[in-house]
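Asker: Under full-length UniProt numbering, residues 1 to 287 are what the sequence shown spells out, in order.
All residues carry an ideal CB built from backbone N, CA and C; glycine is no exception.
The model shown is predicted, which means the values in this text are computed figures rather than measured ones.
One structure follows; several queries about it will come next.
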Amino acid sequence: MIRGLRLSGVQLLCFAVSAGLFALPLVYLLLQAFKTYPSFLKDPTGLPHPWTLSNFSAAWSQGDFGTEMVNSLLYAVVPDVLTLILGVFLAFPISRGWFRRSNLLYGFFVFSGFLPAGLIPLFGEAQKLGLYDNQVGYLILTSLTGAGFFFFVGYIKTIPRELDEAAAMDGCGYFRFVFTIILPQMKPALATFAIFGFVASWNNLILPLIMLSDSTLWPVTRGLYGFFGEHTTQWPLIAAATVIVAAPILVVFAVLQRHLVEGVAGGAATGSAGVGNAPAAAVAAEE
């Protein structure tokens, strides 16, 4: 928070109204999670009467969230880590202009990110390559993405090139230089993208619906989808299940939130500046 910042009455009112509009759906969701089904039918918008925790235990057992939580953590963490590492190792040499056609290569990767993904061709290729309906195949499909590359290029350009030259003079190898110098400098950017990547993977529903038919491989989003019945729907049960599914995202955000604003600001500052053409000093090869 900025010290000495004063807001006018109108600004405070706008802030309060905006915060209320954002918080209202979350408060309503929490209230429904503590209601019994008859209480919900009697008064859908009122306070729970009586208050109950039975919806959470029922949702956990009915949705098989124990197994699905483990699957979702696997599907969110592994692609997130692989995408971060591959994105950094791809963005670093391109941002430094180590290739003759760095600008062209940079533009190619950025343009490819705007192309829509075809689910039907992806499904066919997954079946041909043996990636359909297994965890390893699903992890490969979700890890092979260029997300984060554009963001990392902009952030790496803010890191002084003098570090490259000093590392080369000290005989620091390329991989050691990236892991011990570049990655620590990129903590805000890595944390920011880790949050976005984790949330996107955790909330993914379409791809599990298509690529995973075995119920033991389902993530929590697929389990949550099963609470919606064709004729009747237990809305308090769905509210409790939604709170359970959203809890890990809130934990991740709480842990990494201090890096979020700094990472977004750093990536946006030079994200559209393109790629430098001046070659950096070559980093000595590992012995």
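1) Is Q234 helix, strand or coil when you go by DSSP?
2) In the segment 207-234, which residue ranges form an unbroken alpha helix (DSSP H) of at least 4 residues, counting only runs that do not cross its ends?
3) Whole angstroms are fine: how far does the CA of S143 sit from the CA of V275?
4) By the three-class DSSP mapping on this structure, what secondary structure does F99 have?
5) In chain order, what residues of the same chain lie with their CB nearer than 6 Å to the CB of S272, ignoring the 5 residues before and after it?
6) F253: buried (16+ other C-beta within 10 angstroms of its C-beta) or exposed?
7) Under 8 Å between the Cβ atoms of L237 and F227?
8) Just curious, the alpha helix (DSSP H) that N55 is in, first and last residue?
9) Restricting to runs no shorter than 4 residues, where is the alpha helix (DSSP H) found entirely within the segment 87-153?
10) So which of A58, L74, A91, V78 has the shortest CA-CA distance to V178?
11) What's the gap between the Cα of A285 and the Cα of F108?
12) Anyone know if the C-beta pair for F151 and F114 falls short of 8 Å?
13) Hey, A33 and A189 are a contact pair by Cβ (cut 8 Å); roughly how many whole angstroms apart?
14) With Y106 and M211 assumed to form a contact (beta carbons below 8 Å), what rounded beta-carbon distance in angstroms separates them?
15) Short of 7 Å in beta carbon distance, which residues of its chain neighbour A282, apart from the five on each side in sequence? Order them along the chain.
16) Of the residues L86, D170, L31, which one's Cα is nearest the Cα of A147?
17) What residues in its chain sit with their C-beta under 8 Å from that of L73, if we drop five residues either side in the sequence?
18) Could you check if W218 is buried or exposed, using at least 16 other CB atoms within 10 Å of its CB as the buried criterion?
19) How many angstroms separate the CA atom of L26 from the CA atom of A246?
20) Can you tell me whether F34 is helix, strand or coil according to DSSP?
21) So, with DSSP's three-state summary, where would you put I181?
22) Nearest by alpha-carbon distance to residue 302: which of N55, S39, S54 is it?
23) For G171, name the three-state secondary structure that DSSP assigns.
24) Please report how far the alpha carbon of residue 313 lies from the alpha carbon of L205, in whole angstroms.
25) Going by beta carbon distance, what residues of the same chain come within less than 6 Å of A76, once the five residues before and after it are set aside?
26) With C-beta atoms as the reference, is F65 less than 8 Å away from V220?
27) In angstroms, rounded to a whole number, what distance separates the CA positions of F123 and L207?
28) In or out: V243 buried (at least 16 other Cβ within 10 Å) or exposed?
Answerer: Taking the geometry as given:
1) coil
2) 220-225
3) Because V275 carries a pLDDT of 46, less than 50, the predicted location of this residue cannot be relied on, and no value is offered for it.
4) coil
5) Bear in mind that a pLDDT of 44 at S272, under 50, signals an unreliable position, so the number given afterwards is only what the model happens to contain. Excluding sequence neighbours, S272 sits near nothing in its chain.
6) exposed
7) yes
8) 54-62
9) 102-112, 119-128, 135-143
10) A91
11) In this prediction, A285 has a pLDDT of 36, which is less than 50 and means its spatial position is unreliable; nothing more can be read from the coordinates.
12) no
13) At roughly 35 Å, the Cβ-Cβ gap does not stay under 8 Å, so A33 and A189 are not in contact.
14) Contact doesn't hold; Cβ gap of about 31 Å is too wide.
15) Low local confidence applies: a pLDDT of 36 at A282 is under 50, so the model's placement there is unreliable, and no value is given.
16) L86
17) P248
18) buried
19) 11 Å
20) coil
21) helix
22) Because the chain spans 1 through 287 in this model, residue 302 falls outside it and cannot be assessed.
23) coil
24) The question about residue 313 has no answer here: the residues shown for the chain are numbered 1 through 287.
25) F198, S201, W202
26) yes
27) 9 Å
28) buried
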